[in-house]
Amino acid sequence: MADNDFEPKLVGFLCRWCTYQGADLAGTSRIQYPPNLVPIRVMCSGRVDPVFVLNAFSRGADGVVIFGCHPGDCHYQEGNYKAVRRYNLLVKLIEQLGIEKERLRLEWVSAAEGARYAKVVKEITEEIKQLGPLNWGRTEEN
Amino acid sequence: MAKPKVAFYWCASCGGCEEAVIDLAEDILKVVEAVDIVFWPVALDFKRKDVEAMEDGSIAVSFINGAVRTSEQQEMVELLRRKSGLVVAFGSCSHLGGIPGLANFWDRNAIVNRAYLTTPSTDNPDKVIPQVSYETEVGELTLPEIYDTVNSLDQVIDVDYYLPGCAPPPDLIMNAVTAILEGKLPPKGSVLSPNKSLCDTCKRNETKPEKLLIKEIKRPYEILIDPEKCFLEQGLLCMGPATRGGCGERCIEGNMPCRGCFGPTDQVKDMGAKFLSAFASMLDTNDEEEIKRIVDTIVDPAGTFYRFSLPSSILKRRNMKGI
Chain A
1 MADNDFEPKL VGFLCRWCTY QGADLAGTSR IQYPPNLVPI RVMCSGRVDP VFVLNAFSRG
61 ADGVVIFGCH PGDCHYQEGN YKAVRRYNLL VKLIEQLGIE KERLRLEWVS AAEGARYAKV
121 VKEITEEIKQ LGPLNWGRTE EN
Chain B
143 MAKPKVAFYW CASCGGCEEA VIDLAEDILK VVEAVDIVFW PVALDFKRKD VEAMEDGSIA
203 VSFINGAVRT SEQQEMVELL RRKSGLVVAF GSCSHLGGIP GLANFWDRNA IVNRAYLTTP
263 STDNPDKVIP QVSYETEVGE LTLPEIYDTV NSLDQVIDVD YYLPGCAPPP DLIMNAVTAI
323 LEGKLPPKGS VLSPNKSLCD TCKRNETKPE KLLIKEIKRP YEILIDPEKC FLEQGLLCMG
383 PATRGGCGER CIEGNMPCRG CFGPTDQVKD MGAKFLSAFA SMLDTNDEEE IKRIVDTIVD
443 PAGTFYRFSL PSSILKRRNM KGI
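Protein chains in written order, with the numbering used here: chain A, 1 to 142; chain B, 143 to 465.
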């Protein structure tokens, strides 16, 4: 499965209060990390509708990452806890539809953790590279 | 003046939608008086060639129930589309894919193997499985092809209106027929039922607490269901929040939670994901282990949340790669 030329397409939903700034910090600190993840800024990880995730998969994403504030740090008190509840149920649902659970991740990255953001993106890119392309839509017949 | 011509057809369905027409009771006499039924395989002896002989567009309206999963069904709905002014997708299967749409968790091979070879009750020593064509002494015999993927009607042909429900209730059918006869139709593509969620009209709404908090998921056989209380409050999976209303709450009146046969409201494309979103936020814990434990008690989330709508959902079917 592992194809050396395969560059996974990843979609990241980044909470604007923590991870989006963490990603900014990774940039201004000149930390090198793979360019595979397309960051999408959202108001809160709790704003990430499962529909966003399914749309990303159906339109060609090989992996999706939801980034939020560490537990207890949510700008809206408990948006990230809602994200955890949805994430766990959504993982179960996509597995039933034949999408490996490794393709959907939930990660906590604060505004101060630029290095951690770069590390997480690197790890996930590697992992999805090993897993291979999802090719949603191309496996569909009739 | 000639009466408008009407056709009924069935695809992958159970026959319940045909029953729903009969459930119009005395009202069916009004319908028969006002229209000329030119094709209805379950009740009248017209053949495909009779439809083929009709002029294009000469049928005023075709009511088509059932999902589309064979080559024959596809040919028939394409034929009826050509011959009809209006096409109404009648019932959940035709509207969303319905119960037959759950076959999208597998593909043709998996289904045929299971049904013809591996079920415990199968007695098939020669391992005969259906073929689309077979040579015999009297010539070639053919069968329609079964597709890997079950489709809702609008994934195969252009659909003008949708009558939701498993099966659609008589009052909605009568409203639709009257609207067509009087030419008072809403914009093309409308679902002919109110665009509000079931919870909006549910009587149990009155006793619902301000915030629904769920600690345990229950299945209907596990508890004595309180006939007054909100099902979700009792820990039962009720699709009401994500389901279109207008059904007359037959299940709720029968003390059973909503299963979602009316599909989503106009604003929602993927009802399973929307229900998941609403339902998960009701879980009454912030502890990850506890969340996992509760989620694990939901035996079949995809099959439950997409019970009637898998083919019309965003992902449409299971990815069979590596299975």
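Think of the CB as a built atom: it goes at the ideal place given N, C-alpha and C, for glycine as much as any other residue. Please read these numbers as outputs of a predicted model, since none were measured by experiment.
Handout entry: Collapsed DSSP secondary structure at arginine 41 (chain A) in the structure displayed
Key = Looking up residue 41 (chain A) in the first sequence gives position 41. Here arginine 41 (chain A) carries a strand assignment [DSSP, helix/strand/coil].
Handout entry: threonine 261 (chain B), buried or exposed, once every other Cβ within 10 Å from all chains shown has been counted against 16
Key = On the second sequence, position 119 is the one that residue 261 (chain B) refers to. Exposed, since its Cβ has fewer than 16 Cβ neighbours within 10 Å.
Problem - Residues in the segment 82 to 96 of chain A having any Cβ partner in chain B nearer than 7 Å - result: Lys82, Val84, Arg85, Arg86, Asn88, Leu89, Leu90, Lys92, Leu93 and Gln96
Practice task
Report the three-state DSSP secondary structure of glycine 98 (chain A) (helix, strand or coil).
Solution key: Taking the first residue of the first sequence as 1, we reach residue 98 (chain A) at position 98. If DSSP states are grouped into helix, strand and coil, glycine 98 (chain A) belongs with coil.
Problem - Residues of its chain near valine 53 (chain A), where Cβ-Cβ distance is below 6 Å and the 5 sequence neighbours each way are ignored - result: Walking along the first sequence from the start, residue 53 (chain A) turns up at place 53. The residues are Val64.
Handout entry: Beta carbon proximity, proline 50 (chain A) to chain B, threshold 8 Å
Key = Against the first sequence, residue 50 (chain A) aligns to sequence position 50. Judged by the 8 Å Cβ criterion, proline 50 (chain A) is in contact with chain B.
Handout entry: Sequence-distant residues of the same chain with beta carbon closer than 6 Å to phenylalanine 13 (chain A), five excluded per side
Key = Residue mapping note: residue 13 (chain A) aligns to position 13 of the first sequence, counting from 1. For phenylalanine 13 (chain A), where only same-chain residues beyond five positions count, the Cβ hits under 6 Å are Ile40, Val42, Val48 and Ile66.
Practice task
Output the distance between the C-alpha atoms of proline 369 (chain B) and valine 121 (chain A), rounded to the nearest integer angstrom.
Solution key: On the second sequence, residue 369 (chain B) is found 227 positions in, with the first residue counted as 1. On the first sequence, residue 121 (chain A) is found 121 positions in, with the first residue counted as 1. Taking the straight line joining both Cα atoms gives about 51 Å.
Handout entry: Bridge partner(s) assigned by DSSP for isoleucine 179 (chain B)
Key = On the second sequence, residue 179 (chain B) is found 37 positions in, with the first residue counted as 1. Answer is B:Val148.
Handout entry: Residues in the segment 67 to 81 of chain A having any Cβ partner in chain B nearer than 8 Å
Key = Pro71, Glu78 and Tyr81
Practice task
Can you say whether glutamate 141 (chain A) is buried or exposed, counting buried as having 16 or more other CB atoms within 10 angstroms of its CB?
Solution key: If you number the first sequence from 1, residue 141 (chain A) lands on position 141. Any reading at glutamate 141 (chain A) is ruled out, since the residue's pLDDT is 44, under 50, leaving its predicted position unreliable.
Practice task
Can you check DSSP and say which residues form a bridge with alanine 154 (chain B)?
Solution key: In the second sequence, residue 154 (chain B) corresponds to position 12, counting from 1. Paired residue(s): B:Ala209.
Problem - Closer than 7 Å: threonine 284 (chain B) CB and nearest the ligand FAD heavy atom - result: Of the ligands one can find in the structure shown there are none, so the ligand FAD has no counterpart to examine.
Problem - leucine 228 (chain B), enclosing alpha helix (DSSP H) - first and last residue - result: Position 86 of the second sequence, counted from the start, is the residue given in the question as residue 228 (chain B). Note, leucine 228 (chain B): premise wrong, no alpha helix (DSSP H); beta strand (DSSP E) at 226 to 232.
Problem - Best match in B:Gly388, B:Gly390, B:Met398 and B:Pro272 for proximity to lysine 371 (chain B) [C-alpha to C-alpha] - result: Start at 1 with the first residue of the second sequence, and residue 371 (chain B) comes out as number 229. If we check each option's Cα against that of lysine 371 (chain B), B:Met398 comes out closest.
Handout entry: Status (buried if at least 16 other CB within 10 Å, exposed otherwise) for glycine 402 (chain B)
Key = For the purposes of this step, residue 402 (chain B) is taken as the residue at position 260 of the second sequence. Glycine 402 (chain B) comes out buried.
Exercise for the section: Determine, using beta carbons only, whether alanine 154 (chain B) comes closer than 8 Å to chain A. Expected result: The count along the second sequence starts at 1 and reaches residue 154 (chain B) at position 12. No, its Cβ sits nowhere closer than 8 Å to a Cβ of chain A.
Handout entry: Which residues DSSP lists as bridging phenylalanine 67 (chain A), in chain order
Key = Here the question's residue 67 (chain A) lines up with position 67 in the first sequence. Phenylalanine 67 (chain A) pairs with A:Leu14 and A:Glu107.
Practice task
Report yes or no: do three or more beta-carbon pairs, one from the segment 83 to 101 of chain A and one from the segment 414 to 423 of chain B, lie closer than 8 Å?
Solution key: Look at the beta carbons and you see the segment 83 to 101 of chain A touching the segment 414 to 423 of chain B: at least three pairs across the two are nearer than 8 Å.
Practice task
Would you decide whether lysine 326 (chain B) is buried or exposed? Buried here means 16 or more other CB atoms lie within 10 Å of its CB.
Solution key: Residue numbering aside, residue 326 (chain B) sits at position 184 when the second sequence is read from its first letter. Lysine 326 (chain B) counts as exposed, since fewer than 16 other C-beta atoms from the protein chains shown sit within 10 angstroms of its C-beta.
Problem - C-alpha distance - cysteine 308 (chain B) paired with glutamate 279 (chain B), whole-angstrom precision - result: Reading the second sequence from its first residue, position 166 is the one you call residue 308 (chain B). Reading the second sequence from its first residue, position 137 is the one you call residue 279 (chain B). C-alpha separation (whole angstroms): 44 Å.
Practice task
Answer with yes or no whether the minimum CB distance from methionine 218 (chain B) to chain A is below 8 Å.
Solution key: The residue given as residue 218 (chain B) occupies position 76 in the second sequence. With 8 Å as the cut-off, methionine 218 (chain B) does not count as an interface residue toward chain A.
Exercise for the section: Output the boundary residues of the alpha helix (DSSP H) element that contains aspartate 438 (chain B). Expected result: Locating residue 438 (chain B) in the second sequence gives position 296, counting from the first residue. First-last of the alpha helix (DSSP H) with aspartate 438 (chain B): 430 to 438.
Practice task
In the DSSP assignment, find the unbroken alpha helix (DSSP H) run with glutamate 194 (chain B) in it and report its ends.
Solution key: Here residue 194 (chain B) refers to the residue found at position 52 of the second sequence. That run of the alpha helix (DSSP H) goes 190 to 195.
Exercise for the section: Express the C-alpha separation of aspartate 300 (chain B) and lysine 447 (chain B) in angstroms, rounding to a whole number. Expected result: Here the question's residue 447 (chain B) lines up with position 305 in the second sequence. Here the question's residue 300 (chain B) lines up with position 158 in the second sequence. The residue asked about is misnamed: residue 447 (chain B) is phenylalanine in this sequence, not lysine. Spanning the two alpha carbons is a distance of roughly 26 Å.
Problem - Distance CB(phenylalanine 404 (chain B))-CB(glycine 388 (chain B)) smaller than 8 Å - result: To locate residue 404 (chain B), count along the second sequence from 1; it is residue 262. To locate residue 388 (chain B), count along the second sequence from 1; it is residue 246. Yes, these two residues count as a Cβ contact at 8 Å.
Handout entry: Selected residue, minimal CA-CA separation from asparagine 461 (chain B), among B:Lys269, B:Asp342, B:Met218 and B:Thr291
Key = In the second sequence, counting from the first residue as 1, residue 461 (chain B) sits at position 319. Ranking the options by Cα distance to asparagine 461 (chain B), first place goes to B:Thr291.
Practice task
Could you say if the segment 66 to 77 of chain A and the segment 148 to 162 of chain B meet the contact criterion of at least three C-beta pairs nearer than 8 Å?
Solution key: no
Practice task
From the DSSP output, in three-state form, read off threonine 284 (chain B) for me.
Solution key: The residue you call residue 284 (chain B) lines up with position 142 of the second sequence. DSSP places threonine 284 (chain B) in strand when its eight states are reduced to three.
Problem - Where serine 454 (chain B) falls, given that 16 or more other Cβ within 10 Å makes a residue buried - result: Walking along the second sequence from the start, residue 454 (chain B) turns up at place 312. Classification for serine 454 (chain B): buried.
Exercise for the section: Determine the DSSP secondary structure at cysteine 135 (chain A), reduced to helix, strand or coil. Expected result: Counted from its first residue, the first sequence places residue 135 (chain A) at position 135. According to the sequence provided, residue 135 (chain A) is asparagine. The question's cysteine does not apply to it. Asparagine 135 (chain A) falls in the coil class under three-state DSSP.
Handout entry: Below-8 Å beta-carbon distance, alanine 384 (chain B) vs any chain A residue
Key = Counting from 1 along the second sequence, the entry for residue 384 (chain B) is found at position 242. For alanine 384 (chain B), the answer is no, since every Cβ of chain A falls outside 8 Å of its Cβ.
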